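Right under this line is the structure:
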């Protein structure tokens, strides 16, 4: 799906030019607006990945003011488009942490590269959902961060998942859990255990220690564990 862009520009010719360039670059124009109220109304009813925002707008709020509200209430990246790049303006802009800054008049190459980097930052920010998962517990779904998981232990056709604060019984085999965790920094250390590599605080010839927990380390898995930790 094409990335959706909201254009905030009070000069109609520039807005139309931006829309044409973005369309050629295969972006989807979510809308063209020219005031703060229109921006907030649009973002409240549309999913927008990127806001192209002019700094000097007529009305009670300029682009920097609008950006501060977007950052606090919406999940859209911001790229400023302006003809004014003086030090005072840049200082105000800096505190909004924009994904990009384009100076008028702009070339298509600058627009294309700036937007590509901005969209990349959106994807990075939205990656938080990949840093956690949900487990069923009775009638609820409990959010668990991968980094809080210490290890998993086989229990016949089930397994226990240990976190910093809890223990969960999963109706899955350890092999199934290992497949789900392997891409997030976990490794098998024994036929009955999968450990979080960043949680390890000591490795002995036949044991791994995670906090006060001593976990067996099989000879067959020892080399693969050592290959995946940083040896100084």
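In our numbering, the protein residues as written are 3 to 234.
Where is the CB? At the ideal position from N, CA and C, for every residue including glycine.
For clarity, every value in this text was computed on a predicted model and none was experimentally measured.
Is it buried or exposed for residue i, if we count other Cβ within 10 angstroms and need 16 for buried?
| i | result |
| --- | --- |
| residue 230 | exposed |
| residue 140 | exposed |
| residue 131 | Caution is warranted here: a pLDDT of 46 is assigned to residue 131, below 50, making its placement in the model unreliable, and the coordinate value is therefore given only provisionally. The residue in question, residue 131, is exposed, as its Cβ has fewer than 16 Cβ neighbours within 10 Å. |
| residue 78 | buried |
| residue 26 | exposed |
| residue 32 | buried |
| residue 218 | exposed |
| residue 112 | exposed |
| residue 129 | Caution is warranted here: a pLDDT of 49 is assigned to residue 129, below 50, making its placement in the model unreliable, and no coordinate value can be reported. |
| residue 99 | exposed |
| residue 102 | buried |
| residue 93 | exposed |
Just to check my reading of the structure: residue i and residue j have Cβ atoms closer than 8 Å, yes? What is that Cβ distance to the nearest angstrom?
| i | j | result |
| --- | --- | --- |
| residue 23 | residue 110 | 6 Å |
| residue 119 | residue 53 | Not really, about 15 Å apart at Cβ, beyond 8 Å. |
| residue 56 | residue 83 | 5 Å |
| residue 116 | residue 66 | About 18 Å; that fails the 8 Å criterion. |
| residue 152 | residue 164 | 5 Å |
| residue 189 | residue 226 | 7 Å |
| residue 42 | residue 71 | 7 Å |
| residue 37 | residue 59 | 7 Å |
What would DSSP say about residue i, mapped onto helix, strand or coil?
| i | result |
| --- | --- |
| residue 209 | strand |
| residue 85 | coil |
| residue 221 | helix |
| residue 56 | strand |
| residue 216 | strand |
| residue 8 | strand |
When the Cα of residue i is compared with those of the options, which residue comes out closest?
| i | options | result |
| --- | --- | --- |
| residue 149 | 34, 140 and 135 | 135 |
| residue 186 | 212, 177 and 198 | 198 |
| residue 142 | 170, 153, 164 and 157 | 170 |
| residue 223 | 193, 215 and 204 | 193 |
| residue 69 | 61, 95 and 85 | 95 |
| residue 44 | 107, 173, 76 and 137 | 76 |
| residue 51 | 113, 217, 121 and 62 | 121 |
| residue 145 | 100, 220, 167 and 203 | 167 |
| residue 215 | 203, 207 and 221 | 203 |
| residue 245 | 212, 6 and 195 | The question about residue 245 has no answer here: the residues shown for the chain are numbered 3 through 234. |
| residue 2 | 183, 103 and 209 | Since the first residue of the chain shown is 3 and the last is 234, residue 2 is not available in this structure. |
| residue 15 | 92, 88 and 107 | 107 |
Is residue i near the ligand FMN - that is, is its Cβ less than 7 Å away from at least one heavy atom of it?
| i | result |
| --- | --- |
| residue 60 | Annotation note on the ligand FMN: not contained in the displayed structure, which lists no ligands. |
Can you confirm whether residue i, when its beta carbon is compared against all beta carbons of chain C, has any partner nearer than 8 Å?
| i | result |
| --- | --- |
| residue 213 | Although the question refers to chain C, the structure presented lacks it and comprises just one protein chain. |
(request) Pick out the complete beta strand (DSSP E) segments inside the region 117-202, 3 residues or longer, and give them in chain order. (result) 134-139, 142-147, 151-157, 160-165, 169-172, 188-192 and 195-198
(request) Any chance you could list the alpha helix (DSSP H) runs of at least 4 consecutive residues sitting entirely within the region 62-106, in chain order? (result) 65-75 and 89-96
(message) What ranges does the alpha helix (DSSP H) occupy inside the region 17-52, keeping only unbroken runs of at least 4 residues that lie completely in it?
(response) 38-47
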